[in-house]
Amino acid sequence: MAVSPLTDLFGAPMSLFSPALRAVYAGLVALTLTACGVGAAQTANPPVVKGAAAIPTAPVTPQARFALPDFAPLVERYGPAVVNIQVTERAQPVENNNGAQGEEDPFQDFFRRFGIPAPQFAPRGGNQAPAHGEGSGFIVTPDGYILTNAHVVADADTVTVRLTDRREFTAKVIGIDQRSDVAVIKINTNNSLPIVRIGNPNTLKPGEWVLAIGSPFGFENSATAGIVSAIDRSLPGEDGNGYVPFIQTDVPVNPGNSGGPLFNMQGEVVGINSQIFSRTGGYMGLSFAIPIDVAMDVREQLVKTGHVTRGRIGVTIQDVNAQLAESFGLDRPHGALVSSVQLGSPGEKAGLKPGDVVLGVNGRAIDRSSELPSVIARIKPGTDTELDIWRAGKEQKVDVKVALLDEQQVKTAFHNGRRSDEASQLGLAVRPLAPQEKQQAETDGNLVVEHVSGPAAAAGVQPGDIILGVNGKRVKSVEELQSATKGVGKNVALLIQRESAQIFVPLRLS
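Just so we're aligned: 291 in the numbering used here is position 303 of the sequence shown, and the numbers increase by one with no gaps anywhere.
So, in structure tokens, the structure goes:
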């Protein structure tokens, strides 16, 4: 005889319970069965799949809204376009050290400790054994062009590409761009290779599901999934100097994943997995991918010309925090604050000044300073560009002709954390610079900080800093400094020169 779910709870017949308790229990059982997919949810219409790359969705029910995605169709469709890259680096010559086998030889350490002359060993060869490495990549054209990271193939002597069907090819390095960490390699084969679809990373939103495929620790074509954690990330100390607005995810990425694709739920590549933040060398929940539009722009230039050109306007910028926003009269912190303008640069020719806040470029809003370098860098040199700036409490438009980026790169300024006749309310004691000091410091400022206290000390101003201006207004004397700080409110943006860099430091007054 069939047993109803209501006949037993913890081994006790339901007849022992009151009618009210039996009704409550019946409702709980029905809810549980529905959430597990039993009952009415099973009779719902099957999901509609749009194209081979679409991910099946669960039936539209209150419970199904929280169902995890199924990545299997995506991996099956586009996994074959992801390749494993093996590199052999150039062998390096070995220093002979009087014929010894090397500093790492354990016997060398023994002889050195006890002052015994080391025996002379004949070198086994003039070079070290070639180093080997692995990475990932993905095919973007049927005739064999592959995108990967520059750091995967930068020092390679030979590059071997292995497909999922176990075929292997020796690849040619077409071009490398260190600033973006993008490289293009090519294998020679027929035009029947599987390729990925390219998506639009500008549509990504934090919280969106994404998938990585690569070769972590040599485990080829491993799929890992997670969500977008943030967009437009600028990484401290990166070689790109802010030219890559990284996509941050929590997708498990490890050594060997470098150069592999990051997919969205539509099966489109939106990024190239490039870096991880780790204190151990392994995955710790922070992974960073190069937006695919940046990478494809680099690819096009490398294939056509073998190198990448970028635009510049010749300014030093910093982020706008709440105190700086209040100091300059902005309604909220946004934009890129210009702290210095290079002499003879496009910015100077266009009339940009320290204290200007760049709010937009050609109609595109700039919310954080980290966005500006990447936007300007992708503008073709020689192009007339319109900047929306904030100056003297109102919005203005400035036209600037973008120039070719050379070794004088756009820099992002970060602020670190003898007496005048009268100290100002800022907590500064300053004195005029002597002509010889001005020449040595290569500055057009006239005031040097001798002592700090109060708000200036709390903000990180240091003795030796040169005062250039207050809230965008240049000051040349102690009197001008004191006059500029009268009636400024609770926040002051102090422009200083420290060594060769100019930065705005926000001071909060009591």
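Note that beta-carbon positions come from the ideal geometry of N, C-alpha and C, so glycine has one too.
| query | result |
| --- | --- |
| So, for Cys24: in the same chain, excluding its five sequence neighbours on each side, which residues have a beta-carbon less than 8 Å away from its beta-carbon? | Because the pLDDT of Cys24 is 39, which lies under 50, any placement of that residue in the model is unreliable, and the number read from its coordinates should be weighed accordingly. So the list is empty, once near-sequence residues are dropped. |
| Per DSSP, which one or two residues make a beta bridge with Tyr133? | Lys174 |
| Give me the Cα-Cα distance between Phe99 and Ala213, rounded to the nearest whole angstrom. | For Phe99, the predicted structure reports a pLDDT of 44, less than 50, and the residue's modelled location is therefore unreliable. A value from the coordinates is still provided. Roughly 53 Å between the two C-alpha positions. |
| Exposed or buried, Gly457, counting other C-beta atoms within 10 Å across all chains shown (16 or more means buried)? | buried |
| Specify whether the stretch 338 to 358 and the stretch 299 to 312 touch according to this definition: at least 3 beta carbon pairs, one from each stretch, less than 8 Å apart. | yes |
| With DSSP collapsed to three states, give me the class of Lys382. | strand |
| Identify every run of the alpha helix (DSSP H) within the stretch 261 to 318, keeping only runs that are complete inside it and at least 4 residues long; order them along the chain. | 280 to 293, 310 to 315 |
| Determine the direct distance from the alpha carbon of Val232 to that of Leu435, and round the result to whole angstroms. | 37 Å |
| Tell me which residues share the same chain as Ala119 and place their Cβ nearer than 6 Å to its Cβ, disregarding the 5 neighbours each side in the sequence. | Glu77 |
| Between the stretch 241 to 253 and the stretch 120 to 136, do three or more beta carbon pairs fall short of 8 Å? | yes |
| CA-CA distance, Leu497 and Glu467? | 19 Å |
| Could you give the C-beta distance for Arg155 and Asn72, rounded to a whole number, given that I count them as a contact under 8 Å? | With 8 Å as the limit, Arg155 and Asn72 do not qualify as a contact, their Cβ atoms being about 11 Å apart. |
| Taking C-alpha atoms, which residue in Gly381, Gln254, Gly323 lies nearest to Val308? | Gly323 |
| Once DSSP output is grouped into helix, strand and coil, what is the label at Gly125? | strand |
| For Gln74, name the three-state secondary structure that DSSP assigns. | strand |
| Could you have a look at Val398 and say whether DSSP puts it in helix, strand or coil? | Note that Val398 scores a pLDDT of 39, beneath 50, so its modelled location is shaky and nothing firm can be said. |
| Is it true that the CB of Leu347 sits closer than 8 Å to the CB of Glu383? | yes |
| Taking DSSP as the reference, what is the three-state secondary structure of Phe205? | helix |
| With distance defined between alpha-carbon atoms, name the residue in Ala283, Thr148, Leu250, Ser357 nearest to Ile215. | Leu250 |
| Just checking, does the stretch 471 to 490 make contact with the stretch 312 to 319 on the three C-beta pairs under 8 Å criterion? | yes |
| My parser needs the beta strand (DSSP E) runs of 3 or more residues fully inside the stretch 334 to 372; what are they? | 345 to 349 |
| Does the distance from the C-beta atom of Val184 to that of Val141 stay below 8 Å? | no |
| Which residue marks the beginning of the beta strand (DSSP E) containing Ser328, and which one marks its end? | 324 to 329 |
| Which one of Ser465, Val449, Thr473 has the shortest CA to CA distance from Gln485? | Val449 |
| Using 10 angstroms around the beta-carbon of Val329, count the other beta-carbons present and answer buried if the total reaches 16, otherwise exposed. | buried |
| Residue range of the alpha helix (DSSP H) that Val440 falls in? | Val440 -> not in any alpha helix (DSSP H); beta strand (DSSP E) instead, spanning 435 to 440. |
| So, at 7 Å on beta carbons, what are the nonlocal neighbours of Gln424 in its own chain, with the 5 sequence-adjacent residues on each side left out? | none |
| Are Val258 and Ile280 close, meaning C-beta to C-beta below 8 Å? | yes |
| Put Gly248 into one of helix, strand or coil per three-state DSSP. | coil |
| In or out: Gly405 buried (at least 16 other Cβ within 10 Å) or exposed? | At Gly405, the pLDDT of 39 sits below 50, so the modelled position is not reliable; the number obtained from the coordinates is stated separately. By the 10 Å Cβ count, Gly405 comes out exposed. |
| Do Ile134 and Ile186 come within 8 Å of each other at the CB atom, strictly closer than that value? | no |
| Which residues does DSSP list as the beta-bridge partners of Ile186? | Val257 |
| In whole angstroms, what separates the C-alpha of Ser168 from that of Ile278? | 8 Å |
| Does the distance from the C-beta atom of Leu325 to that of Ser357 stay below 8 Å? | yes |
| Could you compute how far the alpha carbon of Val386 sits from the alpha carbon of Thr152? | 53 Å |
| Starting from the C-beta of Arg462, find all residues in its chain whose C-beta is less than 7 Å away, skip the five residues before and the five after it, and write them out in chain order. | Leu456 |
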